[in-house]
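> Sharing a structure here in structure tokens format.
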Amino acid sequence: MSEAPSFGERLRTRLAGVLPTLRLRLVVVFALVALTAAVSASGIAYWLNRDAVLTRAQNAALNDFRKTMEDDAGNLPRTVQCQQLREAAQKMARSSQDYQVLLTDRTAEGTECAAASNEDDFTLRNVPEPLRHAVNKKRTVDKGNAYPYHLYWQRITKDGDPYLVGGAKLIGEDPAPTGYMLKSLAPERDDLNSLAWSLGIATGLALIGAMLLAQAAATTVLRPVRRLGEAARRLGEGKLDTRLRVSGTDELAELSRTFNDAAASLEQRVDDLSAREESSRRFVADMSHELRTPMTAISAVTEVLEEEQENLDPMIAPAVQLVVSETRRLNDLVENLMEVTRFDAGTARLVLDDVDVADQVTACIDARAWLDAVELDADRGIMARLDPRRLDVVLANLIGNALKHGGSPVRVSVRTERRSGGEPAAERHGERAGERAAQRAEGAADGTADTRAPGAGAAGGEARDGDELVIEVADRGPGIPEEVLPHVFDRFYKASASRPRSEGSGLGLSIAMENAHIHGGSITAHNADEGGAVFTLRLPRDARRVAEEREAGDDTGQAHSGGGPDGGTDEGNGDDDVNRGSGGGR
């Protein structure tokens with residue numbers, strides 16, 4: 000049971016979806032860092048300046064109010080008139096701090112009088128109740144408190160503008176006047192707003208500068224990464240001589256050096272493996288070629304022995320029969336090895352012709368005397384442009400394999416289909432041709448290419464580009480074990496370790512698959528629901544495109560000399576020793 004992804008993994012996955020490119024992530028990270036730093040610095044600067052501006056303004060106003068309160072209100076008579084309070088308030092308001100003054104006291108008539116310097120702007124209603132209560136409260140004088148009354152202040156908002164309200168009571172015998180001041184803080188607010196705008200603009204400029212720096216940093220960082228990606232892509236395409244230019248001593252330079260070392264090591268390793276593979280391929284090709292001459296002589300002798308078998312001593316007749324059968328098996332093995340060598344060396348060629356598929360299947364069956372054991376379901380007139388010889392090899396291997404391991408009757412059906420999505424077979428299997436061309440070696444040239452000329456054209460059922468030829472070969476046997484199905488086309492694969500030896504060479508189905516691939520097709524195997532194995536051959540009805548692409552790819556790297564396998568054919572024969580894939584493994 001897999002563990003649930005952690006929160007960090009989920010977050011990284013979500014961020015990767017929102018920010019798909021590394022450049023974008025770097026820019027966003029730089030921008031966030033710059034924005035955080037700029038906002039933090041601007042916030043701290045604004046708060047410090049705001050506190051300094053307001054503190055300086057209110058301290059100046061309160062100190063001036065205390066002084067004017069002592070100078071002007073302190074000179075009022077003990078028995079005061081409202082007019083005297085009003086004149087004192089107006090005189091106090093003429094201060095350079097530009098504030099309004101309100102004085103309150105008990106008059107000679109015993110009434111409470113509140114006189115303001117400007118009654119339209121400042122009345123007792125503008126003074127908060129807690130401030131009035133604190134100003135008029137008399138405190139006990141002791142060591143910790145030298146005065147019974149103190150100066151108090153409070154900030155308020157009036158008609159949307161900020162104001163500073165301060166109040167103090169004169170110290171002396173009662174009744175003593177109480178004074179209040181009202182100072183507008185709008186100029187300070189405007190200054191702070193201007194400062195906030197300036198800090199905001201500075202933050203924006205810092206953010207833009209950070210994004211530009213992020214772009215430059217991303218370009219600096221990503222340029223080597225992009226070069227590394229391009230070099231890795233070229234290396235993956237097989238250009239093993241790809242190297243990076245290294246400059247500097249940073250981590251990216253070290254990564255480039257590591258890549259160059261890895262590429263050099265890989266190139267050396269691939270060269271060694273290619274040399275060994277080439278040597279092995281040449282050995283098999285040379286061995287197969289050298290075996291052909293003695294095998295021809297031995298085959299001629301065995302034919303004579305087989306013809307004279309009835310006249311031989313009954314004691315040695317079984318030995319002669321064994322020699323004949325093993326000679327044929329060895330001859331088939333040599334021919335198959337030569338054909339495999341051609342495929343590995345990339346020298347196999349398509350010789351196309353227009354064929355009636357039903358006639359081709361019938362000819363294959365008739366040539367091997369399988370007419371009584373094979374049921375054919377094919378309409379006449381299904382034309383295809385293929386290599387008849389290679390198609391015959393594929394059919395002979397598939398039908399012969401079904402007869403040997405599944406038993407008769409074997410059913411062969413032929414039909415055409417429209418390829419899904421219109422995908423050409425050349426694109427599905429073209430890379431295999433490229434691999435073969437890249438593995439081509441000197442001395443692996445095939446000297447026996449079929450030189451038959453293509454036909455003049457299809458008479459009926461003409462193939463269209465995108466049409467697919469489907470041939471199914473089904474038997475009535477026990478089927479193929481599920482663990483064997485993935486390996487039936489492997490070379491020399493044996494389904495049972497207890498039967499390492501079989502009548503076939505173990506290369507038939509592998510050669511059949513190679514012949515399908517060279518046409519741009521494929522072969523698949525599965526077990527039918529009602530029992531028995533079903534091999535399905537799919538080929539393009541017109542293989543000209545595949546042949547042209549193979550020829551174009553081969554022309555770029557063809558440099559062969561003699562010494563390879565020559566003269567061999569891969570045609571199936573008419574007995575039970577026809578090329579079969581798993582060598583009796585089913």
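With numbering that gives the first Met the number 0 applied, the sequence shown covers 0 to 585.
The beta carbon of each residue, even a glycine, is placed where N, CA and C say it ideally should be.
Using only the alpha-carbon positions, how far apart do residue 23 and residue 51 sit?
Here the question's residue 23 lines up with position 24 in the sequence shown. Here the question's residue 51 lines up with position 52 in the sequence shown. Cα to Cα, the separation comes out at about 41 Å.
> Distance check for residue 203 and residue 194, CA to CA, integer angstroms please.
Residue numbering aside, residue 194 sits at position 195 when the sequence shown is read from its first letter. Residue numbering aside, residue 203 sits at position 204 when the sequence shown is read from its first letter. Those two C-alpha atoms are separated by around 14 Å.
> Span of the alpha helix (DSSP H) holding residue 521?
What you label residue 521 is simply residue 522 of the sequence shown in a count that begins at 1. Where residue 521 is concerned, there is no enclosing alpha helix (DSSP H), although the beta strand (DSSP E) it sits in stretches over 521-526.
> Report buried or exposed for residue 400, applying the criterion of at least 16 other Cβ atoms within 10 angstroms of its Cβ.
Position 401 of the sequence shown, counting from 1, holds the residue named residue 400. Classification for residue 400: buried.
> According to DSSP, is residue 347 helix, strand or coil?
Along the sequence shown, read from residue 1 onward, the residue named residue 347 stands at position 348. In this structure, residue 347 counts as coil in the three-state DSSP scheme.
> Shorter than 7 Å, the distance from the beta carbon of residue 505 to the closest heavy atom of the ligand HEM, or not?
In the structure on display, the ligand HEM does not appear, and there are no ligands present to speak of.
> Ignoring anything shorter than 3 residues, give me the beta strand (DSSP E) runs that lie fully in the segment 138-225, in order along the chain.
Whole beta strand (DSSP E) segments, 3+ residues: 151-157, 160-168, 177-183.
> How is the beta strand (DSSP E) around residue 417 delimited, first residue to last?
Translated into the one-based positions of the sequence shown, residue 417 becomes position 418. Where residue 417 is concerned, the enclosing beta strand (DSSP E) stretches over 409-417.
> Suppose the cutoff is 8 Å on Cβ atoms and the five residues either side in sequence are ignored; what does the same chain contact list for residue 264 look like?
In the sequence shown, the residue the question calls residue 264 occupies position 265. For residue 264, where only same-chain residues beyond five positions count, there are no Cβ hits under 8 Å.
> For residue 458, which residues from the same chain have a beta carbon less than 6 Å from its beta carbon, with the 5 sequence-adjacent residues on both sides left out?
Taking the sequence shown and counting its residues from 1, the one referred to as residue 458 is at position 459. In this prediction, residue 458 scores a pLDDT of 36, lower than 50, which makes its location untrustworthy; the coordinate-derived value is nonetheless stated afterwards. For residue 458, where only same-chain residues beyond five positions count, there are no Cβ hits under 6 Å.
> So, with DSSP's three-state summary, where would you put residue 103?
Position 104 of the sequence shown, counted from the first residue, corresponds to residue 103. It is a strand residue.
> Here's the rule I'm using: 16 or more other beta-carbon atoms within 10 Å means buried, otherwise exposed. How should residue 151 be labelled?
The sequence position of residue 151 within the sequence shown is 152, counting from 1. The residue in question, residue 151, is buried, as its Cβ has 16 or more Cβ neighbours within 10 Å.
> Could you tell me whether the segment 107-119 touches the segment 81-89, using the rule of 3 or more Cβ pairs below 8 Å?
With a cut-off of 8 Å, the segment 81-89 and the segment 107-119 count as touching, because enough Cβ pairs lie within range.
> Does the segment 353-366 touch the segment 485-494, meaning 3 or more C-beta pairs lie closer than 8 Å?
These segments do not touch.
> Taking just the CA atoms, how far does residue 315 sit from residue 336?
Counting from 1 along the sequence shown, the entry for residue 336 is found at position 337. Counting from 1 along the sequence shown, the entry for residue 315 is found at position 316. Straight-line Cα distance between these residues: approximately 31 Å.
> Measure the C-alpha to C-alpha separation of residue 605 and residue 197 and round it to an integer number of angstroms.
A query on residue 605 cannot be resolved here, the shown segment of the chain reaching from 0 to 585 and no further.
> To which residues of the same chain is residue 81 closer than 7 Å at the C-beta, ignoring the five residues directly before and after it?
Counting from 1 along the sequence shown, the entry for residue 81 is found at position 82. 106, 112, 114, listed in sequence order.
> Am I right that residue 98 and residue 182 are in contact with their C-beta atoms under 8 Å? What's the rounded C-beta distance?
The residue given as residue 98 occupies position 99 in the sequence shown. The residue given as residue 182 occupies position 183 in the sequence shown. Right, their Cβ atoms sit about 4 Å apart.
> Please confirm whether residue 71 and residue 90 have their CB atoms less than 8 Å apart.
Indexing the sequence shown from 1 puts residue 71 at position 72. Indexing the sequence shown from 1 puts residue 90 at position 91. Yes, these two residues count as a Cβ contact at 8 Å.
> Suppose you measure from the CA of residue 412 to the CA of residue 261; what does that come to, to the nearest Å?
Residue mapping note: residue 412 aligns to position 413 of the sequence shown, counting from 1. Residue mapping note: residue 261 aligns to position 262 of the sequence shown, counting from 1. Computed Cα separation, rounded: 52 Å.
> Alpha helix (DSSP H) containing residue 358: first to last residue?
Position 359 of the sequence shown, counting from 1, holds the residue named residue 358. 356-366 is the span of the alpha helix (DSSP H), which, as asked, contains residue 358.
> Roughly how many whole angstroms lie between the Cα atoms of residue 148 and residue 134?
Taking the sequence shown and counting its residues from 1, one reaches residue 148 at position 149. Taking the sequence shown and counting its residues from 1, one reaches residue 134 at position 135. Taking the straight line joining both Cα atoms gives about 7 Å.
> Can you give me the C-alpha to C-alpha distance between residue 353 and residue 381, rounded to a whole angstrom?
Looking up residue 353 in the sequence shown gives position 354. Looking up residue 381 in the sequence shown gives position 382. The alpha-carbon atoms of residue 353 and residue 381 are separated by roughly 10 Å.
> Report all residues from its chain with a CB closer than 6 Å to the CB of residue 33; omit the five preceding and five following residues, and keep chain order.
The residue given as residue 33 occupies position 34 in the sequence shown. For residue 33, where only same-chain residues beyond five positions count, the Cβ hits under 6 Å are 205, 206, 209.
> Go ahead and label residue 146 buried or exposed: buried means 16 or more other beta carbons lie within 10 angstroms of its beta carbon, across all protein chains shown.
Stepping through the sequence shown from its first residue, residue 146 is reached at position 147. Its Cβ having fewer than 16 others within 10 Å, residue 146 is exposed.
> Can the beta-carbon of residue 213 be found closer than 8 Å to that of residue 26?
Working through the sequence shown from its first residue, we reach residue 213 at position 214. Working through the sequence shown from its first residue, we reach residue 26 at position 27. In contact: residue 213 and residue 26 (Cβ atoms closer than 8 Å).
> Could you say which of 379, 167, 110 lies nearest to residue 69 if we only look at CA atoms?
Numbered from its first residue, the sequence shown carries residue 69 at position 70. Looking at the Cα atoms, 167 is the closest of the given residues.
> For the segment 463-478 against the segment 538-550, are there 3 or more C-beta pairs whose distance is under 8 Å?
Verdict: yes, contact present.
> Measure the CB-CB distance between residue 185 and residue 160 and report whether it falls below 8 Å.
The residue you call residue 185 lines up with position 186 of the sequence shown. The residue you call residue 160 lines up with position 161 of the sequence shown. Contact: yes.
> Just list the residues that DSSP pairs residue 470 with in beta bridges.
In the sequence shown, counting from the first residue as 1, residue 470 sits at position 471. Answer is 413, 536.
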